[in-house]
Every structure is written in C-alpha cells, then in structure tokens.
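Written below as structure tokens is the structure these notes are about.
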Amino acid sequence: MQAPGRQQDFWSVTLSSPERAYLEVLMDVPETVSFEHANQLLQGMTTLSPRRMEQLLRKCTSVKVRRLFYWMAERNNYAWFKKLPAPKALDALGLGSGNRVLAKDGRLDSKYRITIPEEMWTAPALTTDKSAS
Numbered sequence: 130m131q132a133p134g135r136q137q138d139f140w141s142v143t144l145s146s147p148e149r150a151y152l153e154v155l156m157d158v159p160e161t162v163s164f165e166h167a168n169q170l171l172q173g174m175t176t177l178s179p180r181r182m183e184q185l186l187r188k189c190t191s192v193k194v195r196r197l198f199y200w201m202a203e204r205n206n207y208a209w210f211k212k213l214p215a216p217k218a219l220d221a222l223g224l225g226s227g228n229r230v231l232a233k234d235g236r237l238d239s240k241y242r243i244t245i246p247e248e249m250w251t252a253p254a255l256t257t258d259k260s261a262s
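Sequential numbering from 130 applies to the sequence shown in the numbering used here.
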C-alpha cells in the first residue's frame with residue numbers, strides 16, 4: 130500500500146491478512162484483549178479462508194493461540210471451521226499438553242484444556258468435536 134504523493138514521498142505499509150490479524154489478537158487475550166472482544170471480532174469474520182487459516186495454524190507455535198482459536202471458531206460454528214483439520218492433524222505440536230489458565234476463576238473447557246470466563250461458558254455437548262479426530 131502506498132500513500133499518494135510524489136514518488137520519493139511513497140512509503141510502504143505491511144498489512145496482515147484477516148486470518149493472521151485474528152491470530153495476532155488472540156496473542157493478547159486476556160492481558161490486553163478480553164475474551165468478549167476477541168469473540169465479537171470473530172463474529173464479524175464470516176468469510177475467513179480455511180486454506181490460509183490452516184497454513185497459519187501450522188506455522189503458529191503458540192499453544193494458547195491455537196487452543197483459543199479452535200475454541201472460539203467452534204463456538205461460532207462457521208462453515209469455514211468445518212473445513213479446518215483437527216488440531217492433532219496440524220503437526221506434532223497439535224494443542225500441546227496440560228491445562229492453560231487464561232481466565233482466573235474461569236471454567237475449564239475439558240476439550241481444549243483452557244479456562245474461560247464463566248459468562249462465556251458453553252456446554253461441550255452444544256459444540257462440534259473437532260479435536261477427537
């Protein structure tokens with residue numbers, strides 16, 4: 130992207146794709162971005178590219194980001210989510226091991242092994258199982 134002006138006045142700006150930008154947002158949950166805000170952002174992302182998202186998830190080394198992404202995406206149940214591979218199929222890292230405390234005094238989601246705020250809790254029976262395969 131270049132700003133208008135004379136040739137010598139141009140500067141370039143690097144922009145993230147929507148898929149990458151969302152993963153970057155998840156890095157800051159819950160320190161500077163709330164669960165609710167991250168969820169609201171994803172609610173507006175109805176046309177993410179499953180192919181691009183899979184490539185980014187394969188490169189992502191943050192267990193927290195991977196788990197949060199799959200939890201949020203499953204919770205919103207978009208068509209593109211059904212086209213993503215199960216976390217275990219990404220690579221040897223998958224979703225890592227052990228629990229991650231992301232919300233103090235939150236509830237543990239046994240599927241993705243992250244604590245989430247009580248007010249965002251969704252019973253596991255209401256979600257599709259993406260991690261079992």
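The C-beta atom is built at its ideal place from N, Cα and C for all residues, glycine as well.
For the beta strand (DSSP E) containing residue i, name the first residue and the last one.
i	result
Leu237	Arg236 to Asp238
Thr161	Thr161 -> no beta strand (DSSP E), and no H or E assigned at all.
Thr244	Ile243 to Ile245
For residue i and residue j, I'd like the C-alpha separation in whole angstroms.
i	j	result
Met174	Arg180	15 Å
Pro246	Ala167	13 Å
Val287	Lys233	Outside the displayed range of the chain (130 to 262) lies residue 287, so it cannot be described from this structure.
Ile243	Phe139	45 Å
Thr190	Asn206	24 Å
Arg271	Ser141	The structure shown does not extend to residue 271, since the chain spans only 130 to 262, so no value can be given for it.
Under DSSP, the alpha helix (DSSP H) around residue i begins and ends at which residues?
i	result
Arg149	Pro147 to Met156
Val192	Val192 to Asn205
Arg177	Checking the displayed sequence, the identity of residue 177 turns out to be Leu instead of Arg. Premise fails: Leu177 is in no alpha helix (DSSP H) and is neither H nor E.
Mark residue i as exposed unless 16 or more other C-beta atoms lie within 10 angstroms of its C-beta, in which case mark it buried.
i	result
Trp200	buried
Glu121	A question about residue 121 goes unanswered here, because the residues of the chain that appear run from 130 up to 262.
Ser146	exposed
Val158	buried
Glu153	exposed
Ala208	exposed
Below 8 Å between beta carbons: does that hold for residue i and residue j?
i	j	result
Tyr241	Leu213	no
Lys193	Leu144	no
Leu155	Leu197	yes
Leu219	Leu177	no
Leu170	Ala202	no
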